[in-house]
Amino acid sequence: MASKIFVGNLPFSVDKDALEKAFTQYGKVVGAKVIIDRKTNRSRGYGFVEFEQLSEAENAVNGMNAKEFEGRNLTVSLAKTQE
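Residue numbers for the sequence shown follow my numbering, so the first one is 2 and each next one is one higher.
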(Lines of atoms letter the chains of each structure in order from A; the text may use other names.)
(Lines give C-alpha, C1' and ligand atoms only; values in the text may rest on other atoms or scores of the structure.)
Protein backbone atom coordinates (compact mmCIF):
# COMPACT_ATOMS: atom_id res chain seq x y z
CA MET A 2 0.00 0.00 0.00
CA ALA A 3 1.38 3.40 -0.98
CA SER A 4 2.15 5.91 1.75
CA LYS A 5 2.32 9.67 1.40
CA ILE A 6 4.43 12.17 3.32
CA PHE A 7 3.99 15.91 3.75
CA VAL A 8 7.04 18.08 3.05
CA GLY A 9 6.87 21.64 4.35
CA ASN A 10 9.15 24.68 4.26
CA LEU A 11 10.27 23.87 0.72
CA PRO A 12 12.36 26.46 -1.08
CA PHE A 13 10.15 28.19 -3.65
CA SER A 14 12.57 27.17 -6.42
CA VAL A 15 11.97 23.43 -5.89
CA ASP A 16 9.87 21.68 -8.53
CA LYS A 17 8.33 18.21 -8.69
CA ASP A 18 11.46 16.61 -10.15
CA ALA A 19 13.79 18.08 -7.52
CA LEU A 20 11.43 17.02 -4.74
CA GLU A 21 11.23 13.47 -6.07
CA LYS A 22 15.01 13.25 -6.51
CA ALA A 23 15.62 14.41 -2.92
CA PHE A 24 13.61 11.48 -1.54
CA THR A 25 14.57 8.59 -3.86
CA GLN A 26 17.34 7.52 -1.47
CA TYR A 27 14.64 6.32 0.96
CA GLY A 28 12.76 4.03 -1.41
CA LYS A 29 10.65 3.80 -4.54
CA VAL A 30 8.92 7.13 -5.08
CA VAL A 31 5.66 6.64 -6.97
CA GLY A 32 4.72 10.31 -7.08
CA ALA A 33 5.69 13.80 -5.99
CA LYS A 34 3.77 17.05 -6.07
CA VAL A 35 4.65 20.64 -5.20
CA ILE A 36 1.55 22.67 -4.35
CA ILE A 37 1.24 25.74 -6.59
CA ASP A 38 -0.63 28.98 -5.83
CA ARG A 39 -3.21 29.42 -8.61
CA LYS A 40 -3.02 33.22 -8.57
CA THR A 41 0.75 33.62 -8.69
CA ASN A 42 1.64 30.28 -10.31
CA ARG A 43 4.45 29.94 -7.71
CA SER A 44 5.14 27.25 -5.18
CA ARG A 45 3.29 27.59 -1.88
CA GLY A 46 6.31 26.11 -0.09
CA TYR A 47 5.03 22.61 0.54
CA GLY A 48 4.34 19.37 -1.24
CA PHE A 49 3.80 15.64 -0.98
CA VAL A 50 5.87 12.58 -1.85
CA GLU A 51 4.30 9.16 -2.22
CA PHE A 52 6.26 5.97 -1.58
CA GLU A 53 5.44 2.39 -2.51
CA GLN A 54 5.77 1.14 1.10
CA LEU A 55 4.95 2.62 4.52
CA SER A 56 8.41 1.67 5.80
CA GLU A 57 10.00 3.78 3.05
CA ALA A 58 7.83 6.76 3.98
CA GLU A 59 8.77 6.37 7.65
CA ASN A 60 12.47 6.21 6.73
CA ALA A 61 12.08 9.41 4.70
CA VAL A 62 10.41 11.19 7.63
CA ASN A 63 13.17 10.07 10.00
CA GLY A 64 15.90 10.96 7.52
CA MET A 65 14.68 14.31 6.20
CA ASN A 66 12.68 16.00 8.97
CA ALA A 67 14.52 19.15 10.13
CA LYS A 68 17.29 18.54 7.57
CA GLU A 69 18.56 21.39 5.43
CA PHE A 70 17.53 21.26 1.78
CA GLU A 71 18.66 24.06 -0.51
CA GLY A 72 19.08 26.44 2.41
CA ARG A 73 15.87 25.67 4.31
CA ASN A 74 15.12 23.20 7.11
CA LEU A 75 12.36 20.87 5.96
CA THR A 76 9.33 19.82 7.96
CA VAL A 77 8.53 16.23 7.02
CA SER A 78 5.76 14.04 8.43
CA LEU A 79 3.41 11.29 7.37
CA ALA A 80 0.54 12.93 5.51
CA LYS A 81 -2.83 12.95 7.20
CA THR A 82 -5.51 11.12 5.24
CA GLN A 83 -8.38 13.13 3.83
CA GLU A 84 -11.79 12.04 5.00
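Each residue gets a CB set at the ideal place from its N, CA and C atoms; glycine is no exception. Because the structure is a prediction, the values reported are computed rather than measured.
**OP:** Excluding the 5 residues preceding and the 5 following ASN60 in the sequence, name in chain order all residues of the same chain whose CB lies nearer than 8 Å to its CB.
**Re:** TYR27 and GLY28
Original post:
For SER56, which option in VAL30, PHE13 and GLY9 has the closest C-alpha, if you only look at C-alpha atoms?
Top reply: VAL30
Subject >> Opposing strand residues paired with ILE37 [DSSP bridges] >> reply: SER44
Subject >> Of the residues ASN10, LEU11, THR76 and PHE24, the one placed nearest GLU51, counting alpha carbons only >> reply: PHE24
Original post:
Starting from PHE7 and walking both ways along the beta strand (DSSP E), at which residues does that stretch end?
Top reply: 4-9
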